[in-house]
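Scroll down for the structure; my scribbles are underneath it.
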Amino acid sequence: SISSGTENIATDRWLFEVTSAGTWDLYQAADGPPGFGFCHKIDCTAANASLSSGSVLIFQQRLEGLDLQQIAKGTNSAKNLTLSFYVKSSKTGKYIVEFQDANNGRICQRSYNINSANVWEYKTLTIPGDASGVLTNSNGHSFTVRFWLAAGSVFQSGTLQTEWGSTVNADRVVGQVNLADSNTAEWNVTGVQLEVGKNATDFEHRSYGEELALCQRYYYSHALSGSRPICTAAAYGTTRAFGVVSLPVTMRGNPSVGLNV
Numbered sequence: 623s624i625s626s627g628t629e630n631i632a633t634d635r636w637l638f639e640v641t642s643a644g645t646w647d648l649y650q651a652a653d654g655p656p657g658f659g660f661c662h663k664i665d666c667t668a669a670n671a672s673l674s675s676g677s678v679l680i681f682q683q684r685l686e687g688l689d690l691q692q693i694a695k696g697t698n699s700a701k702n703l704t705l706s707f708y709v710k711s712s713k714t715g716k717y718i719v720e721f722q723d724a725n726n727g728r729i730c731q732r733s734y735n736i737n738s739a740n741v742w743e744y745k746t747l748t749i750p751g752d753a754s755g756v757l758t759n760s761n762g763h764s765f766t767v768r769f770w771l772a773a774g775s776v777f778q779s780g781t782l783q784t785e786w787g788s789t790v791n792a793d794r795v796v797g798q799v800n801l802a803d804s805n806t807a808e809w810n811v812t813g814v815q816l817e818v819g820k821n822a823t824d825f826e827h828r829s830y831g832e833e834l835a836l837c838q839r840y841y842y843s844h845a846l847s848g849s850r851p852i853c854t855a856a857a858y859g860t861t862r863a864f865g866v867v868s869l870p871v872t873m874r875g876n877p878s879v880g881l882n883v
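With this note's numbering applied, the sequence shown corresponds to residues 623 to 883, in that order.
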């Protein structure tokens, strides 16, 4: 169960952020609209019906700048982006998706409505190109897509920002419902796709091998199986050992290493 923290790992390449907005379980569920066998489920285990001013509940993905150069952000040729996804929630009402240029502190928001509780609904959201703020052409964090699920008054006391501009907290998620107000609340999403242009196309179903390799760019776990070794190593004294572990793909950057024994 998660009740606080800014980088709680959800399913691969997704992050969950919660501050003073209940306690939640995150997991992949065998549920989805036709054509999708699974979804990401966010399930409330302890509600917070009275949010503090700075409360946040966010499901998000961070994107590398080198994957977004084709949108020509920061130029007069900047292209539109369209986000499509399937969503199901126990709570009807207005939800906000935030698009953030992390390099230049610029944001643009779109809203969607959950019309019927606990029913899969298909949504498409289009934002304009932005002639200001070039995205860094590197493997660093340059762009964020945030699904807001609850927000305190700090983030919704102004007017929803539907055009690209500098970040103003009061204008970020005006009208967002509080999903955290019930112990039975849940929110499910699948088939998330971000595309260049004004129109959404059918979801691109990659093979399992392709998707696994993309995920291993960020995280890889070597599972022990009986006496099968991780690698061949040489001991140096009583406190050190050296060995080589082969990774299945080239990782995004120099990885940190952990050992569970």
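For glycine and all other residues, C-beta sits at the position ideal for the given N, C-alpha and C.
Residue i vs residue j beta-carbon contact at 7 Å
{"i": "residue 871", "j": "residue 838", "result": "yes"}
{"i": "residue 777", "j": "residue 745", "result": "no"}
{"i": "residue 781", "j": "residue 731", "result": "no"}
{"i": "residue 664", "j": "residue 809", "result": "yes"}
{"i": "residue 868", "j": "residue 775", "result": "no"}
Burial state of residue i, where buried means 16 or more other Cβ atoms lie within 10 Å
{"i": "residue 820", "result": "exposed"}
{"i": "residue 805", "result": "exposed"}
{"i": "residue 627", "result": "exposed"}
{"i": "residue 833", "result": "exposed"}
{"i": "residue 807", "result": "buried"}
{"i": "residue 860", "result": "exposed"}
{"i": "residue 752", "result": "buried"}
{"i": "residue 768", "result": "buried"}
{"i": "residue 711", "result": "buried"}
Neighbourhood of residue i by C-beta distance below 8 Å, restricted to the same chain and skipping five residues each side
{"i": "residue 636", "result": "662, 681, 682 and 683"}
{"i": "residue 690", "result": "757, 764 and 765"}
{"i": "residue 789", "result": "722, 727, 728 and 729"}
{"i": "residue 630", "result": "624, 637, 638, 639, 640 and 648"}
Residue i - partner residues in DSSP beta bridges
{"i": "residue 658", "result": "Answer is none; residue 658 lacks a bridge partner."}
{"i": "residue 809", "result": "664 and 711"}
{"i": "residue 650", "result": "662"}
{"i": "residue 570", "result": "Since the first residue of the chain shown is 623 and the last is 883, residue 570 is not available in this structure."}
{"i": "residue 924", "result": "An answer regarding residue 924 cannot be provided, because it is not within the stretch 623 to 883 covered by the chain."}
{"i": "residue 728", "result": "723 and 788"}
{"i": "residue 638", "result": "630 and 681"}
Extent of the continuous beta strand (DSSP E) run through residue i
{"i": "residue 836", "result": "Where residue 836 is concerned, there is no enclosing beta strand (DSSP E), although the alpha helix (DSSP H) it sits in stretches over 830-838."}
{"i": "residue 771", "result": "763-773"}
{"i": "residue 777", "result": "First-last for residue 777: undefined, no H or E at that position."}
{"i": "residue 679", "result": "678-686"}
{"i": "residue 825", "result": "Neither: residue 825 is in no beta strand (DSSP E) and is coded neither H nor E."}
{"i": "residue 753", "result": "Taken as a continuous stretch (DSSP letters only), residue 753 belongs to no beta strand (DSSP E), as it is neither H nor E."}
Contacting residues, own chain, Cβ-Cβ under 6 Å from residue i (five flanking each side not counted)
{"i": "residue 670", "result": "643, 644 and 802"}
{"i": "residue 822", "result": "704, 706 and 746"}
Residue i Cβ short of 6 Å to the ligand GTP heavy atom set
{"i": "residue 733", "result": "Ligands are entirely absent from the displayed structure, and the ligand GTP is therefore not among its contents."}
Nonlocal neighbours in the same chain, by C-beta distance under 7 Å from residue i, ignoring five residues either side
{"i": "residue 702", "result": "748, 749, 750, 751, 819 and 820"}
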